């Protein structure tokens, strides 16, 4: 399998704290890769670095076979790497449907004149955006809430909406930051099915998650971070028994 | 069936609205005199201003306290290009324009759109990283800088004539009709103030339509996304820098056009018309009416443009009646009521008087 995302030697320092030290991560096409580790290990920092939110101090970044420099969040999204946020960041005042429509922004072109004069091509594009957004809402199971204000959605639904919004940018790689956080058991099961379906439909997934059973159940490979360093990489079954991982993260009871 | 019914209803309302708009200056003129038609004319200009500021503050969420500077730029553009001021003060210009400078308002409006849009971007570029209070302070400074420039650019070269302002500005003249004179249509005589009303009403409607179209477009959604969460907006692939600059430029250009018409309508401009207080009044129209909600903003503009005039007509006689003399100056009462109204709206209806119906 060829690699969709190939990142090596990423370092990031915040003042006196070495948040990331020579971190590498490989995501093959069509896979689900998990990034796990204790709180404060640097998982979200790593996400923020590869998506352009924080500038990296060092690192080699390859996406889909080409080098990319994660300097602008918008350009990373345009290149095909979409993300969700650990602390949900929806557009609260907008409706659920509009949130997804915003996601279509980078795959549509209407400019200022088109917006003002509503050329036939603009209207056509607008219809296509609406149609695509409705389909995506149906895909994540939020059709009935389309006209609700996003801020009024339940927690689990907000997480799903973030996924739908990220999918609207037509990513090759979907990077999810703790999508199961705060979900109950049923919601987690539904999420698991959704993620498998997304992979089935051709989108590769990179996942930060604390829910061990979810991660172990769906990931093809795992990378474990601790204190900003990679302590293990491999198949879930191997990582599960890795002594370093047990010490730092899983604890003795997990074996 | 139901759909057809509502469609007819909508068309009926539209026609009723048009008829009411056509009759309005005649009714107001007959009952209150030209003074009140003039108030209406200004109310329409304020609608254009408030709608423009709403693009910046309401849609994109960028608090702008120097908005009136763009109005000033538009007003001075026309004042300089359609008055004897420049030829009188500069030999070279007088030789180029032996018949005096009389550019048409159409031309100057286009010119002002470009100038104010550029200035909008000039203001936007250094403030891209700023939000909320910080942005408000910088824009406030920008507004004051423009006003102070206009106040002092009478030497060494007399560009703006300083605090004395520029007089003898050409009146609005379109299609060979002079908007400062009464138009004789044969069967009816139409005062210039009424003509101005129709022109400004058309402009306000056009601007409102542009705003409605913008709101419901890819651009409008990007603005609201930036307002709601800038980082998430970036993560959607939105170029937040360009979108913010666009909001500044569009808001500014509306004010520029309004400024051109203002100076042509008044025939006189001076820096006094473009103080911080004016910026705050326009912002109050947006906030009080319904920030981000176009009908609300229009309502806010009408209320705050007409209210001081009503107050002027009421406060003095009432005080004379009650106390036998004027106890509190009308201007003080006006500011008092403005402040009170804003506090009450913020407390009880933070979305404005006519806010967006939030879907539940």
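Chains as they are written, first to last, in my numbering: chain A, 1 to 255; chain B, 256 to 615.
Think of the CB as a built atom: it goes at the ideal place given N, C-alpha and C, for glycine as much as any other residue.
The structure presented is a predicted model; accordingly, all values stated were derived computationally and were not measured.
Less than 8 Å between the CB atoms is what I'm expecting for residue 225 of chain A and residue 23 of chain A, so what's the real figure, rounded? As a position in the first chain, residue 225 of chain A is number 225, starting the count at 1. As a position in the first chain, residue 23 of chain A is number 23, starting the count at 1. Confirmed, about 7 Å.
Under a Cβ-count criterion, where at least 16 other Cβ atoms within 10 Å of its own Cβ denotes burial, should residue 300 of chain B be classed as buried or exposed? As a first step, residue 300 of chain B must be located in the second chain, where it is residue number 45. With 16 or more other Cβ atoms within 10 Å, it is buried.
Taking the beta carbon of residue 601 of chain B as the centre, do at least 16 other beta carbons fall within 10 Å, making it buried, or is it exposed? Here residue 601 of chain B corresponds to residue number 346 of the second chain, with the count starting at 1. Burial call: exposed.
Can the beta-carbon of residue 105 of chain A be found closer than 9 Å to that of residue 493 of chain B? Taking the first chain and counting its residues from 1, one reaches residue 105 of chain A at position 105. Taking the second chain and counting its residues from 1, one reaches residue 493 of chain B at position 238. In contact: residue 105 of chain A and residue 493 of chain B (Cβ atoms closer than 9 Å).
Suppose you measure from the CA of residue 412 of chain B to the CA of residue 419 of chain B; what does that come to, to the nearest Å? In the second chain, residue 412 of chain B corresponds to position 157, counting from 1. In the second chain, residue 419 of chain B corresponds to position 164, counting from 1. Approximately 15 Å between the Cα atoms of the pair.
Spell out the partners DSSP gives residue 524 of chain B in its beta bridges. Sequence index remark: in the second chain, residue 524 of chain B carries index 269 (1-based). Looking at the DSSP assignment, residue 524 of chain B forms a beta bridge with B:421.
Using a beta-carbon distance below 9 Å, is residue 356 of chain B in contact with chain A? If you number the second chain from 1, residue 356 of chain B lands on position 101. It does not; no Cβ of chain A falls within 9 Å.
At 9 Å on the CB atoms, spell out the chain B contacts of residue 241 of chain A, in chain order. Residue mapping note: residue 241 of chain A aligns to position 241 of the first chain, counting from 1. Chain B residues near residue 241 of chain A: none, gap ~36 Å exceeds 9 Å.
Looking only at its chain, what residues have a beta carbon closer than 8 Å to the beta carbon of residue 342 of chain B, apart from the 5 residues adjacent to it on each side? Your numbering for residue 342 of chain B matches position 87 in the second chain. Cβ within range, chain order: 348, 349, 352, 355, 356.
Could you check how far apart the C-beta atoms of residue 616 of chain B and residue 280 of chain B are, in whole angstroms? I think they sit under 8 Å. Because chain B spans 256 through 615 in this model, residue 616 of chain B falls outside it and cannot be assessed.
Please confirm if residue 219 of chain B has its CB atom under 9 Å from at least one CB of chain A. Any property of residue 219 of chain B remains undetermined from this structure, which presents chain B solely from 256 to 615.
Taking the alpha carbon of residue 161 of chain A as the reference point, which residue from A:101, A:15, A:207, A:213 has its own alpha carbon closest? Against the first chain, residue 161 of chain A aligns to sequence position 161. The alpha carbon of residue 161 of chain A has as its nearest neighbour, out of A:101, A:15, A:207, A:213, the alpha carbon of A:101.
Terminal residues of the continuous beta strand (DSSP E) containing residue 246 of chain A? Residue mapping note: residue 246 of chain A aligns to position 246 of the first chain, counting from 1. Taken as a continuous stretch (DSSP letters only), residue 246 of chain A belongs to no beta strand (DSSP E), as it is neither H nor E.
Within 9 Å (strictly less), CB to CB, does residue 172 of chain A reach chain B? For the purposes of this step, residue 172 of chain A is taken as residue 172 along the first chain, with counting starting at 1. No, residue 172 of chain A lies away from the interface with chain B (no Cβ there is under 9 Å from its Cβ).
Under a CB-based cut-off of 9 Å, is residue 105 of chain A close to chain E? Of the chains in the structure shown, none is chain E; the protein chains are A and B.
For residue 278 of chain B, the three-state DSSP class (helix, strand or coil): Counting from one through the second chain, the residue named residue 278 of chain B turns up at place 23. If DSSP states are grouped into helix, strand and coil, residue 278 of chain B belongs with the helices.
Determine the DSSP secondary structure at residue 182 of chain A, reduced to helix, strand or coil. As a position in the first chain, residue 182 of chain A is number 182, starting the count at 1. In this structure, residue 182 of chain A counts as coil in the three-state DSSP scheme.
Residue 327 of chain B classed as buried or exposed, judged by whether at least 16 other C-beta atoms fall within 10 angstroms: What you label residue 327 of chain B is simply residue 72 of the second chain in a count that begins at 1. By the 10 Å Cβ count, residue 327 of chain B comes out buried.
By DSSP's criteria, residue 27 of chain A is part of a beta bridge. Which residues make up the other side? Your numbering for residue 27 of chain A matches position 27 in the first chain. The secondary-structure analysis by DSSP pairs residue 27 of chain A across a beta bridge with A:5.
Candidates B:295, B:269, B:322: which alpha carbon is nearest residue 504 of chain B's? Taking the second chain and counting its residues from 1, the one referred to as residue 504 of chain B is at position 249. Among B:295, B:269, B:322, the Cα nearest to that of residue 504 of chain B is on B:322.
Hey, quick one: how far does the alpha helix (DSSP H) through residue 388 of chain B stretch, first residue to last? For this step, residue 388 of chain B is matched to residue 133 along the second chain. Counting along the chain, the alpha helix (DSSP H) containing residue 388 of chain B begins and ends at 387-407.
Length of the line joining the Cα atoms of residue 90 of chain A and residue 97 of chain A: Along the first chain, read from residue 1 onward, the residue named residue 90 of chain A stands at position 90. Along the first chain, read from residue 1 onward, the residue named residue 97 of chain A stands at position 97. The C-alpha of residue 97 of chain A is placed about 12 Å away from the C-alpha of residue 90 of chain A.
Based on DSSP bridge pairs, tell me the residues matched to residue 368 of chain B. Position 113 of the second chain holds residue 368 of chain B. DSSP output for residue 368 of chain B lists no bridge partner at all.
Can you tell me whether residue 61 of chain A is helix, strand or coil according to DSSP? As a working note, residue 61 of chain A is residue 61 in the first chain. Residue 61 of chain A falls in the strand class under three-state DSSP.
Within 9 Å of any Cβ in chain B, is that where the Cβ of residue 42 of chain A sits? Here residue 42 of chain A corresponds to residue number 42 of the first chain, with the count starting at 1. So, not an interface residue.
Closer than 9 Å to chain B by CB, residue 121 of chain A: The count along the first chain starts at 1 and reaches residue 121 of chain A at position 121. Not one chain B Cβ lies under 9 Å of residue 121 of chain A.
Any chain A beta carbon closer than 9 Å to residue 436 of chain B: The residue given as residue 436 of chain B occupies position 181 in the second chain. Not an interface residue.
Alpha carbon to alpha carbon, how far is residue 285 of chain B from residue 292 of chain B? Give it in angstroms, no decimals. Looking up residue 292 of chain B in the second chain gives position 37. Looking up residue 285 of chain B in the second chain gives position 30. Between residue 292 of chain B and residue 285 of chain B, the C-alpha separation is close to 10 Å.
By DSSP, does residue 13 of chain A sit in helix, in strand, or in coil? Position 13 of the first chain, counted from the first residue, corresponds to residue 13 of chain A. Secondary structure of residue 13 of chain A (DSSP, three-state): strand.
Does DSSP put residue 612 of chain B in a helix, a strand or coil? Counting from 1 along the second chain, the entry for residue 612 of chain B is found at position 357. Coil.
Rounded to the nearest angstrom, what separates residue 15 of chain A and residue 50 of chain A at their Cα positions? Translated into the one-based positions of the first chain, residue 15 of chain A becomes position 15. Translated into the one-based positions of the first chain, residue 50 of chain A becomes position 50. Roughly 20 Å separates the two Cα atoms.
For residue 35 of chain A, report the span of its beta strand (DSSP E) as first-last. Numbered from 1 along the first chain, position 35 holds the residue referred to as residue 35 of chain A. Start and end: 32-36.
Are the beta-carbon atoms belonging to residue 115 of chain A and residue 468 of chain B less than 9 Å from one another? Within the first chain, residue 115 of chain A is the residue found at index 115, counting from 1. Within the second chain, residue 468 of chain B is the residue found at index 213, counting from 1. Taking the C-beta atoms as reference points, residue 468 of chain B is found nearer than 9 Å to residue 115 of chain A.
By DSSP's criteria, residue 300 of chain B is part of a beta bridge. Which residues make up the other side? If you number the second chain from 1, residue 300 of chain B lands on position 45. Its beta-bridge partners do not exist; DSSP assigns none.
Any beta carbon of chain B sitting closer than 9 Å to that of residue 136 of chain A? The residue given as residue 136 of chain A occupies position 136 in the first chain. At a cut-off of 9 Å, the C-beta of residue 136 of chain A has no neighbouring C-beta in chain B.
Kindly give me the distance between the Cβ atoms of residue 358 of chain B and residue 337 of chain B, rounded to whole angstroms, as I take these residues to be in contact under 8 Å. On the second chain, residue 358 of chain B is found 103 positions in, with the first residue counted as 1. On the second chain, residue 337 of chain B is found 82 positions in, with the first residue counted as 1. Going by Cβ atoms, the distance from residue 358 of chain B to residue 337 of chain B rounds to 5 Å, so yes, they are a contact pair.
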